[in-house]
Amino acid sequence: MNYQIDNKGYYGIFGGAFIPEMMHQNISELQNCYMEILESDSFKQEFKQLLTDYAGRPSPLYYSDRLSKQYKTHIYLKREDLNHTGSHKINNTIGQILLAKRLGKTRIIAETGAGQHGVATATVCARAGLKCIVYMGAIDVARQAPNVEKMKMLGAEVRPVESGSKTLKDATNEAIRDWINNPVDTHYIIGSVVGPHPYPDMVARFQSVISEEIRVQLKTKTGRETPDYVIACVGGGSNAAGAFYHFLNDPDVKLIAVEAAGKGVFSGESAATTQLGRPGILHGSRSLLMQTADGQVIEPYSISAGLDYPGIGPMHANLFATKRAVFLSATDEEALKAALYLSQKEGIIPALESAHALAALEMINFKTDDIVVVNISGRGDKDMETYLNYYQLIK
Numbered sequence: 001m002n003y004q005i006d007n008k009g010y011y012g013i014f015g016g017a018f019i020p021e022m023m024h025q026n027i028s029e030l031q032n033c034y035m036e037i038l039e040s041d042s043f044k045q046e047f048k049q050l051l052t053d054y055a056g057r058p059s060p061l062y063y064s065d066r067l068s069k070q071y072k073t074h075i076y077l078k079r080e081d082l083n084h085t086g087s088h089k090i091n092n093t094i095g096q097i098l099l100a101k102r103l104g105k106t107r108i109i110a111e112t113g114a115g116q117h118g119v120a121t122a123t124v125c126a127r128a129g130l131k132c133i134v135y136m137g138a139i140d141v142a143r144q145a146p147n148v149e150k151m152k153m154l155g156a157e158v159r160p161v162e163s164g165s166k167t168l169k170d171a172t173n174e175a176i177r178d179w180i181n182n183p184v185d186t187h188y189i190i191g192s193v194v195g196p197h198p199y200p201d202m203v204a205r206f207q208s209v210i211s212e213e214i215r216v217q218l219k220t221k222t223g224r225e226t227p228d229y230v231i232a233c234v235g236g237g238s239n240a241a242g243a244f245y246h247f248l249n250d251p252d253v254k255l256i257a258v259e260a261a262g263k264g265v266f267s268g269e270s271a272a273t274t275q276l277g278r279p280g281i282l283h284g285s286r287s288l289l290m291q292t293a294d295g296q297v298i299e300p301y302s303i304s305a306g307l308d309y310p311g312i313g314p315m316h317a318n319l320f321a322t323k324r325a326v327f328l329s330a331t332d333e334e335a336l337k338a339a340l341y342l343s344q345k346e347g348i349i350p351a352l353e354s355a356h357a358l359a360a361l362e363m364i365n366f367k368t369d370d371i372v373v374v375n376i377s378g379r380g381d382k383d384m385e386t387y388l389n390y391y392q393l394i395k
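Written out as C-alpha cells, the structure reads:
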C-alpha cells in the first residue's frame with residue numbers, strides 16, 4: 001500500500017484542496033511550482049547547508065540508559081529539542097522561506113499554538129529580511145508568554161486572536177483570512193501537515209529529515225537502520241510525519257502516534273481526534289475532525305498548546321484508517337508525569353507536546369530486544385510555568 005500523497009493531493013480519501021475562489025491563485029501557484037523547486041539542485045544544496053550550519057543538524061539520537069532500564073528495552077531519544085529555536089519546527093520554516101523567496105514573496109504570515117512554529121518562522125524571516133506576522137490565539141499568547149517575547153525580539157508582529165476558542169484553530173482561521181486579502185506578495189508558512197494540498201506533503205517532506213537521520217544514526221549505533229517502534233506526539237502532526245516518513249513502507253516498524261486526551265478522552269475536554277472525530281473538512285483539506293452531528297467544529301482542549309487542535313493532518317488520518325499507525329492518547333496528568341520523570345532521570349526537560357509521546361512508554365509492552373525511538377519534538381522552556389505549578393502541587 002502507498003502511504004504517500006497521490007497526484008491529486010490525497011492520502012487515500014483524505015487531503016485535497018477545499019478552498020475559496022480567492023485562494024486559488026496562491027494554491028495553484030504552489031501546486032504548480034513546489035516540486036520543481038524542491039527537487040532543484042540549488043534548493044537542495046541551500047536547504048541542506050542551512051539545516052547543517054544554521055539549525056544545527058543532524059540532531060543527536062541519544063540512548064537513554066535510565067528509560068531503557070525502566071521499561072526493560074532499548075530506548076533512543078531523537079533530540080529535536082536541540083535544534084536552533086528549540087524544536088523540529090525550524091526544519092519546515094527553513095524550507096518554506098527558501099521556497100517563498102524563489103516565488104518572489106516579500107511578506108510572511110504564520111499561525112502558532114505553542115509558539116514554537118511562530119518563533120521558527122520569525123527566526124527565518126529575520127535572517128531573510130522579510131516582514132513577519134504571526135497569528136496566535138489569545139489564550140496561547142497568555143500561556144506561552146516566553147515564546148511571544150522571543151517572536152517580538154526577532155522582529156515579528158504577533159497578532160492575538162480573540163475569536164472562537166482563542167487557540168490554534170482560530171489562529172489558523174485568521175492567517176487564512178490574511179492570505180486571502182494579500183494574495184500577491186504574501187506566503188503563508190503553515191506549521192503542520194494540515195491545510196490544502198500541497199501543504200501536507202510539502203511540510204512532511206521538509207520534516208522527513210528526522211527519519212532520514214534516524215536510519216543513518218541507528219545503523220551506526222545498532223547495525224540496523226530500522227527500529228521496532230517510532231513514537232511521536234500528534235496535534236496536526238508535523239513532527240510525527242517527519243519521524244515516520246522514511247519508515248512508512250517498512251511494515252516491521254510500528255508507528256505510534258500519541259494524541260492529547262486532555263482531561264480524559266470522553267470528558268468533553270480532549271483533543272483525541274481519532275477517537276472522537278469523523279471525516280470532515282477543516283482549513284482546506286478533508287481529514288478526521290472533531291465535530292457535532294451538524295458539522296460544527298468541537299472545541300478541543302489540551303494542557304499542551306501545540307496539541308490543542310480539533311483535527312489531524314490527512315496523512316495521519318490515512319495512517320489511522322489503514323491501520324498503518326497505532327493512535328494512542330495521553331491525558332494532561334500522564335504527560336506531566338512523563339515530563340517530570342525524564343527531567344529527573346535524564347536531565348532533559350521536554351516540551352509538553354513531546355511529553356505526550358513519552359507517556360506512551362507506559363502503555364506498550366516492549367520486548368527486551370526492541371529498539372524504540374521517541375521523538376523529542378521540542379524543549380520545555382516555554383512550558384516552565386505549567387511545570388512549576390504542577391511540581392508545587394505534587395511536592
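Start counting the sequence shown at 1; every next residue gets the next number (my numbering). Beta carbons are placed, not taken as given, at the ideal position from N, Cα and C, and that holds for glycine.
Got a sec? Which residues, its chain only, sit under 7 Å from Gln144 by beta carbon, not counting five neighbours each side? Taking the sequence shown and counting its residues from 1, the one referred to as residue 144 is at position 144. Only Ala114, Gly115, Ala305 and Lys382 meet the Cβ criterion.
Opposite Ser329 in the DSSP bridges: which residues? As a first step, residue 329 must be located in the sequence shown, where it is residue number 329. Ser329 is bridged to Glu259.
Could you tell me which residues DSSP puts in a beta bridge with Met136? Here residue 136 is taken as the residue at index 136 of the sequence shown, counted from 1. In the DSSP output, where bridge partners are listed per residue, Met136 has Thr112 and Pro160.
Quick one: grab the DSSP three-state call for Gln392. Counting from 1 along the sequence shown, the entry for residue 392 is found at position 392. Three-state result, Gln392: helix.
Report back the beta-carbon spacing between Val234 and Glu213 to the nearest angstrom; my notes put them in contact at under 8 Å. Along the sequence shown, read from residue 1 onward, the residue named residue 234 stands at position 234. Along the sequence shown, read from residue 1 onward, the residue named residue 213 stands at position 213. No, Val234 and Glu213 are not in contact; Cβ-Cβ is about 20 Å, not under 8 Å.
What would DSSP say about Tyr62, mapped onto helix, strand or coil? Your numbering for residue 62 matches position 62 in the sequence shown. Here Tyr62 sits in strand by DSSP.
Quick one: residues in its chain with C-beta nearer than 6 Å to the C-beta of Val297, no 5 flanking neighbours on either side, listed in chain order? Translated into positions along the sequence shown, residue 297 becomes position 297. These residues qualify, in order along the chain: Gln291 and Pro310.
Between the C-alpha atoms of Gly380 and Ser87, what's the straight-line distance to the nearest angstrom? Here residue 380 corresponds to residue number 380 of the sequence shown, with the count starting at 1. Here residue 87 corresponds to residue number 87 of the sequence shown, with the count starting at 1. Near 10 Å, if we compare the C-alpha coordinates of Ser87 and Gly380.
Cβ of Leu288 within 8 Å of Cβ of Thr273? Locating residue 288 in the sequence shown gives position 288, counting from the first residue. Locating residue 273 in the sequence shown gives position 273, counting from the first residue. Between Leu288 and Thr273, the gap from beta carbon to beta carbon is short of 8 Å.
One or two residues paired with Val372 in a DSSP bridge: Against the sequence shown, residue 372 aligns to sequence position 372. Bridge partners of Val372: Ile75 and Tyr229.
Please tell me whether Val209 and Gly236 are closer than 8 Å, where the distance is taken between their beta carbons. Counting from one through the sequence shown, the residue named residue 209 turns up at place 209. Counting from one through the sequence shown, the residue named residue 236 turns up at place 236. Their beta carbons are not under 8 Å apart, which means Val209 does not touch Gly236 by this criterion.
Quick check on DSSP: helix, strand or coil for Tyr199? Taking the first residue of the sequence shown as position 1, residue 199 is located at position 199. In the structure shown, Tyr199 sits in a helix (DSSP, three-state: H, G or I).
Could you give the first and the last residue of the continuous alpha helix (DSSP H) run that contains Ser42? Sequence index remark: in the sequence shown, residue 42 carries index 42 (1-based). Start and end: Asp41 to Asp53.
Flag this pair as touching only if the region 92 to 100 and the region 119 to 126 have three or more C-beta atom pairs under 8 Å; answer yes or no. Yes, they touch.
According to DSSP, is Val194 part of a helix, a strand, or is it coil? Sequence index remark: in the sequence shown, residue 194 carries index 194 (1-based). Looking at Val194 - three-state DSSP - the assignment turns out to be coil, as it is neither helix nor strand.
Going by DSSP, what residues sit across from Ala271 in a beta bridge? In the sequence shown, residue 271 corresponds to position 271, counting from 1. Ala260.
Any idea if Gly191 is buried or exposed, counting beta-carbon neighbours within 10 angstroms, 16 or more meaning buried? Start at 1 with the first residue of the sequence shown, and residue 191 comes out as number 191. Gly191 comes out buried.
Shortest alpha-carbon distance to Gly223 belongs to which of Gly137, Ile371 and His283? Working through the sequence shown from its first residue, we reach residue 223 at position 223. The option with the nearest alpha carbon to Gly223 is Ile371.
For Leu282, which three-state DSSP category applies? Numbered from its first residue, the sequence shown carries residue 282 at position 282. DSSP places Leu282 in strand when its eight states are reduced to three.
Based on the DSSP output, what are the partners of Arg57 in its beta bridges? The residue you call residue 57 lines up with position 57 of the sequence shown. Answer by DSSP bridge pairing: none, since Arg57 is not bridged.
Where does Glu385 land, buried or exposed, given buried means 16+ other C-beta within 10 angstroms? In the sequence shown, counting from the first residue as 1, residue 385 sits at position 385. Exposed, because fewer than 16 other Cβ atoms sit within 10 Å of the Cβ of Glu385.
Simplified DSSP state of Gly313, which is helix, strand or coil: Working through the sequence shown from its first residue, we reach residue 313 at position 313. Three-state result, Gly313: coil.
Would Ala351 and Gly378 qualify as a contact pair, given that the criterion is a beta-carbon distance under 8 Å? If you number the sequence shown from 1, residue 351 lands on position 351. If you number the sequence shown from 1, residue 378 lands on position 378. In this structure, Gly378 lies closer than 8 Å to Ala351 by Cβ.
Could you tell me the distance, in whole angstroms, from the CA atom of Tyr3 to the CA atom of Phe327? Along the sequence shown, read from residue 1 onward, the residue named residue 3 stands at position 3. Along the sequence shown, read from residue 1 onward, the residue named residue 327 stands at position 327. If I take the Cα positions, the gap works out to 16 Å.
Provide the residue(s) that pair with Pro350 in DSSP beta bridges, ordered along the chain. As a first step, residue 350 is located in the sequence shown; it is residue number 350 there, counting from the start. In DSSP, Pro350 forms a bridge with Arg379.
Is the region 196 to 205 in contact with the region 6 to 21, if contact means three or more CB pairs nearer than 8 Å? yes
From the beta carbon of Thr172, is the nearest beta carbon of chain C less than 8 Å away? Chain labels in this structure do not include chain C; a single protein chain is all it has.
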